[in-house]
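Visitor:
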């Protein structure tokens, strides 16, 4: 169920190779509240810098997004181009340009071909329709192997609102920077501050806890627009229906983040790493990310090898205080390490590791906090995809 | 030229597969000063923990080292075994066990087979000779493809001293944890505090600035023994000959660290990353390591791809303050990025990238400090080597 009042459009602007649509528009028929999170990379693409400024208003009505060019490391010209993209859309839609956001993904360091985008704007706006959100999900794909869409309903009194999220994952383009772009739309009325806070909490435990190769993009952007067209009383943190909205938004984002990992470059396995028994959540997350980003752990998983020594070493260099002799490690339900020592259950662990979905649980026995991080294995296909020369 | 007073020995103790020597002894005929640096991994192998205690005395006469088993994550038993190894050698050599150090590399988490080591100690001691330092370098190899030995002479007045270093590199065993072990011996008389300080300075700029896969071992150890048998007056930092010794030690360690990177798992390219124009050396090192550890940069180098956007992104997430619009990037002498913007010299850069030795220079234009980090490319062979099941 598509949230009320949202329209979508896609066109081919020849930014990518011919035959692939590469420009999309998400439009709300009324002004919406908006919240966002952005890459923390010091090097930010022009559209990211621009959106960070715009989002201070908390208001939005349209998002234009292109693939094929990241408009990153493009200097003053890049910023002028990003601004022009929002102005072209604003003029076409006859709305204020402050309400238009822009996102780009693709090649870094090449100027964005405005001469090919400009003449396509009227077609982009003319094509707006209710039924093409899947097309937008396809346009933003780079080396993703499938479009990523998640939808959840939210009961608010007698009404049913909708939250739809689309995203592109950690694939390379041309084969350039992995960029994560995510757009979430909802017809539910929710206070902007509440929306922003809810988004930040959800992203912290989802998108910020997935890793394919440990490389952070210059373009990562998550935007959520809520236009209130459901007609419910505006939700705040005190509202009865807040929990339902919060859960729906969290689930949409969690599902999308799982889809990104499942579609990781060259991945053959989906790996969930839970660190529990940590002194605090920050420690748990740090330890789990250290294991998830270890090339040695990821190649062992690819090779179905119950190589827990590599997990122990990655925990050891994570910077988190721990005692080796307290640590338990499980592959699935098989305890492979008991209080720092091998249990010798390698053969049982091997059975678990042959699955496509693997859960690794690490108990530090230092406290009561935990964190889950999602990752994938590291394979020859990752190398091939990323060593191929740009074409 | 082997330093005076040092003897070496190797035997096969069946810790590894049959037919490969796996136990070695380095012995000084007189007590020597010793200094060392060890892994900063929170999870440390038993021999590392033991040596850290012993080295407080600053004195040593022998080092026993085995490959095939890391004696890491082996609990109390592991520590008892490490202690027993030093005692067996001490008894055989009729020296104090406090003067005997032990290093291990190989499988993590499996008990070290003392029943196979014990009966070999007398043969190990019986075999001691002057000419077999190369054999020791071979014994400590794991997936290294060549033994690593470097020798430098040091003129001290009318005498000529010698510094010899051997090491094993970042190869996996069985295919387990990469461990870096390095043993340096010299016949030069040098004050223990001076030796220790000189070693620390050298390691900081050499071994601590190489990276193959970003994974830090539980067993990394560097030991330097100086037995004074050259008969020179003991060197301190004030001595005229201190600079010559310091330079020789630094060069031995630098050369060894280069050999480790050249022999990195699956590597086809040797990559030197220099970050200059940093506000301080710590910033320069951090930025260079961020680039050197980026899987995307390493695969691009493998693919001969002048993909500077990945370098820019890795700089951006390094945590070092920088301004994108000030950054210059060079491949060899080709400036590919000028003040944050592409120069378009991709074709010239491609020529540089086809070489086996590649220098990447990054100028942050923020200050006057610099740091050089050595790394290698990331290839399918790395994945294959590390995904292969333990045998």
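Chains as they are written, first to last, in our numbering: chain A, 836 to 1226; chain B, 836 to 1226.
For every residue, glycine included, the Cβ atom is placed at its ideal position computed from N, Cα and C.
1) Would you mind working out which of B:844, B:1208, B:872 sits nearest residue 1031 (chain B), comparing C-alpha positions?
2) Just checking my contact of residue 1000 (chain A) with residue 985 (chain A) at CB under 8 Å: how many whole Å lie between their CB atoms?
3) Let me confirm a value: residue 864 (chain B) is counted as buried when at least 16 other C-beta atoms fall within 10 Å, else exposed. Which label applies?
4) Using a Cβ cut-off of 7 Å, pull out every chain A residue sitting near residue 1052 (chain B), in sequence order please.
5) Rounded to whole angstroms, what's the CA-CA distance from residue 1214 (chain B) to residue 1142 (chain A)? Just pull it up for me.
6) Can you pull the chain A residues whose beta carbon is under 7 Å from the beta carbon of residue 878 (chain B), in chain order?
7) Round the Cβ separation of residue 908 (chain A) and residue 1144 (chain B) to the nearest angstrom and send it over; I've been treating them as touching at under 8 Å.
8) What number of angstroms, rounded off, separates the C-alpha of residue 889 (chain A) from the C-alpha of residue 943 (chain A)?
9) Are the CB atoms of residue 940 (chain A) and residue 918 (chain A) within a distance shorter than 9 Å?
10) So does the region 1050-1065 of chain B actually touch the region 836-850 of chain B, counting three or more Cβ pairs closer than 8 Å?
11) Please compile the residues from chain B whose C-beta is within a distance smaller than 9 Å of the C-beta of residue 871 (chain A).
12) What do you reckon, are the CB atoms on residue 1104 (chain B) and residue 979 (chain B) nearer than 9 Å?
13) List the residues of chain B whose Cβ lies closer than 8 Å to the Cβ of residue 1214 (chain A), in chain order.
14) What are the start and end residues of each continuous beta strand (DSSP E) run of 3 or more residues lying completely inside the region 956-1017 of chain B, in chain order?
15) So residue 1134 (chain A) contacts chain B; which residues on that side make the cut at Cβ distance below 7 Å?
16) For residue 1147 (chain B), count the other beta carbons within 10 Å of its own beta carbon; 16 or more makes it buried, fewer makes it exposed. Which is it?
17) Quick check: the region 842-860 of chain B against the region 1154-1167 of chain A, are at least 3 beta-carbon pairs closer than 8 Å?
18) Helix, strand or coil: how does DSSP classify residue 1160 (chain A) here?
19) I need the DSSP call for residue 1152 (chain A), collapsed to helix, strand or coil.
20) If contacts are defined as beta-carbon pairs under 8 Å, then residue 1212 (chain B) and residue 1136 (chain B) qualify, I think. What distance do you get, rounded to the angstrom?
21) Give every residue of the same chain whose Cβ lies closer than 7 Å to the Cβ of residue 866 (chain B), excluding the five residues on either side of it in the sequence, and list them in chain order.
22) Grab the span of the beta strand (DSSP E) containing residue 1204 (chain B) for me, first residue to last.
23) Could you spell out where the beta strand (DSSP E) holding residue 1090 (chain A) opens and where it closes?
24) Could you tell me which chain B residues have their CB closer than 8 Å to the CB of residue 1137 (chain A), listed as they occur along the chain?
25) With 8 Å as the limit, tell me which residues of the region 883-916 of chain A have their beta carbon closer than that to any beta carbon of chain B; keep them in chain order.
26) If you run the structure through DSSP and keep just helix, strand and coil, what is residue 909 (chain B)?
27) Thinking residue 1266 (chain A) and residue 1106 (chain A) are a contact (beta carbons under 8 Å), I'd like their distance in whole angstroms, please.
28) Below 8 Å on the Cβ atoms is my contact criterion, and I expect residue 1218 (chain A) with residue 1046 (chain B) to pass it. Report the Cβ-Cβ distance as a whole number of Å.
29) Do the region 1189-1205 of chain A and the region 921-932 of chain B touch if we need at least three Cβ pairs shorter than 8 Å?
30) Residues bridged to residue 868 (chain A) by DSSP?
31) Beta-carbon within less than 6 Å of residue 921 (chain A)'s beta-carbon, same chain only, minus the 5 sequence neighbours each way: which residues are those?
32) Step through the CB atoms of chain B and report whether any lies within less than 9 Å of the CB of residue 1099 (chain A).
33) Residues in the same chain with beta-carbon distance under 6 Å from residue 1198 (chain B), minus the five sequence neighbours each way, listed in chain order, please.
34) Express the C-alpha separation of residue 947 (chain B) and residue 903 (chain B) in angstroms, rounding to a whole number.
35) Name the chain E residues that come within less than 9 Å of residue 1079 (chain A), Cβ to Cβ?
36) If the cut-off is 9 Å on Cβ atoms, which residues from the region 1172-1199 of chain B count as contacting chain A, listed in chain order?
Guide: A quick look at the data gives this:
1) B:872
2) 5 Å
3) exposed
4) 1148
5) 21 Å
6) 1147, 1148, 1150, 1151, 1159
7) 6 Å
8) 23 Å
9) no
10) yes
11) By Cβ distance, chain B contributes nothing, its closest Cβ being about 19 Å from residue 871 (chain A), past 9 Å.
12) no
13) 1218, 1222
14) 983-991, 994-1003
15) 1218, 1221, 1222
16) buried
17) no
18) helix
19) coil
20) 4 Å
21) 894, 896, 934
22) 1204-1211
23) Segment 1077-1097 is the alpha helix (DSSP H) holding residue 1090 (chain A); no beta strand (DSSP E) there.
24) 1218, 1222
25) 905, 907, 908, 909, 910
26) coil
27) This structure leaves residue 1266 (chain A) out entirely; chain A is present only between 836 and 1226.
28) Not really, about 17 Å apart at Cβ, beyond 8 Å.
29) no
30) A:894, A:1061
31) 932, 935, 937
32) no
33) 1111, 1112, 1163
34) 9 Å
35) As a matter of chain content, chain E is missing from the structure shown, whose protein chains are A and B.
36) 1172, 1174, 1175, 1176, 1177, 1181, 1185
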